[in-house]
Every structure is written in structure tokens, then in C-alpha cells.
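To keep things clear, I will list the structure first and then write my remarks on it.
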Amino acid sequence: MFSRWTTPILWTLHEHGRMRFSELERRIGTVTAKVLTQRLRQLERDGLVVRTYTPEIPPRVEYEISELGRSLGPLFASLSRWATANLGTVDAARAEYDASGRPRP
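Counting in the numbering used here, the sequence shown runs from 25 upward without gaps.
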């Protein structure tokens with residue numbers, strides 16, 4: 025169910041509300057269109073994302089977080105607090121690792 029992109033997708037939809045594919049792709053930044061499509065399909069299947077198709081010309085498809093997905097809000101808040109408190113330490117660990125000459129993952 026969860027992959028590398030699950031949290032950024034759900035977080036973005038949670039924070040910014042309903043949006044089209046291209047806007048979601050732009051806000052996340054580094055995800056490829058193929059991977060974003062796959063993840064959105066899986067999240068829709070899991071009931072965490074709602075896909076709305078509007079038959080107009082051109083067709084419009086929008087995505088939003090479902091009520092089930094919204095129930096992850098406290099988890100997002102905890103992750104945000106953790107990141108705020110620890111990203112400096114993570115950056116320092118990365119710098120130390122990179123300076124050691126070991127190969128990057």
C-alpha cells in the first residue's frame with residue numbers, strides 16, 4: 025500500500041485540497057508522471073484518494089484525499105513535527121556519510 029511517493033501525494037492533497045494531475049505533479053516536483061499515475065491508481069483502489077472525472081472538452085480529472093485518507097492527518101502532523109525537530113540531524117548524518125567516501129545509495 026505505501027511506497028516512497030504515498031506520503032508526499034497524500035500530504036499534498038491533504039494540505040492543498042482537490043487538484044488536477046498536472047498541479048499535483050508540479051507541487052510534488054521530482055515524481056515522474058508514470059509513477060504518479062501508478063500511485064494515484066493504487067491510492068484510489070485503497071480508498072485513500074478520490075478521482076473525479078468531468079466529461080468536458082478537454083476532459084477534466086481531479087484528485088482529492090478521501091475521508092479515510094484524511095484520517096491520516098494526525099500521522100502527517102507527527103511526521104511534520106519529527107521532520108522539524110530532526111532534519112538538521114539527518115542533514116549532518118548525510119554530510120558525515122558523504123565525507124567518509126562511502127558510495128552513495
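Even for Gly, the Cβ is constructed at its ideal location relative to N, Cα and C.
What is the DSSP secondary structure of R75, counted as helix, strand or coil?
-> strand
State buried or exposed for T36, treating a residue as buried only when at least 16 other CB atoms are found within 10 Å of its CB.
-> buried
When the Cα atoms are used, what is the spatial distance from W29 to R65?
-> If you draw a straight line from the Cα of W29 to the Cα of R65, it is about 12 Å long.
Could you give the distance in angstroms between the alpha-carbon of P83 and the alpha-carbon of Y77?
-> 7 Å
Return yes when the Cβ of S90 is within less than 7 Å of the Cβ of G71, no when it is not.
-> yes
Of all the options W106, G41, Y121 and S27, which has the alpha carbon lying nearest to the alpha carbon of E88?
-> G41
Scan the segment 64-122 and note each continuous alpha helix (DSSP H) run of 4 residues or more that stays entirely inside, going in chain order.
-> 91-94
Tell me where the alpha helix (DSSP H) around T31 begins and ends.
-> T30 to H40
So is L99 buried or exposed if we call it buried at 16+ other beta carbons inside 10 Å?
-> exposed
Pull up the DSSP beta-bridge partners for R44, would you.
-> E86
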